[in-house]
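Shown next, in structure tokens, is the structure this report addresses.
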């Protein structure tokens with residue numbers, strides 16, 4: 013188990029980078045699951061254009077993030093952890 017001293021300080025990470033990586037990870041998972049933005053949008057009750065915006069850097073709130081991850085059969089916390097690791101690797 014990691015301790016707080018084993019992890020990079022939160023202030024060293026850019027929240028925008030992590031959020032962008034989270035949207036990237038959702039997009040990747042959707043492609044892997046062969047799910048279109050239209051299908052995901054329909055499940056959430058929004059337009060395909062709105063889903064496209066959310067998965068391409070537009071505003072994506074926590075509820076939407078969780079809904080998309082669950083719709084793709086993924087644990088939202090694991091998706092976010094993967095996004096955080098990806099953002100740190102790019103830093």
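Numbering (the working numbering), first residue to last: 13 to 103.
Where a beta carbon is used, it is the ideal one built from N, C-alpha and C, also for glycine.
This one's a predicted model, so the numbers in the text were calculated from it and none came from an experiment.
Give the DSSP-derived three-state secondary structure of residue i in the structure shown.
i: residue 64; result: helix
i: residue 103; result: coil
i: residue 48; result: coil
State the CB to CB distance for the pair residue i and residue j, rounded to an integer number of angstroms; the pair is presumed to be in contact (CB under 8 angstroms).
i: residue 63; j: residue 79; result: Actually they are not in contact, since the Cβ atoms of residue 63 and residue 79 sit about 11 angstroms apart, beyond 8 angstroms.
Is residue i buried or exposed, if buried means 16 or more other CB atoms sit within 10 Å of its CB?
i: residue 91; result: buried
i: residue 81; result: buried
i: residue 59; result: exposed
i: residue 3; result: With the chain covering 13 to 103 only, the question about residue 3 has no answer from this structure.
i: residue 66; result: buried
i: residue 48; result: exposed
Cβ atoms of residue j and residue i: under 8 angstroms apart, would you say?
i: residue 72; j: residue 35; result: yes
i: residue 94; j: residue 50; result: no
i: residue 46; j: residue 103; result: no
i: residue 42; j: residue 84; result: yes
i: residue 57; j: residue 32; result: no
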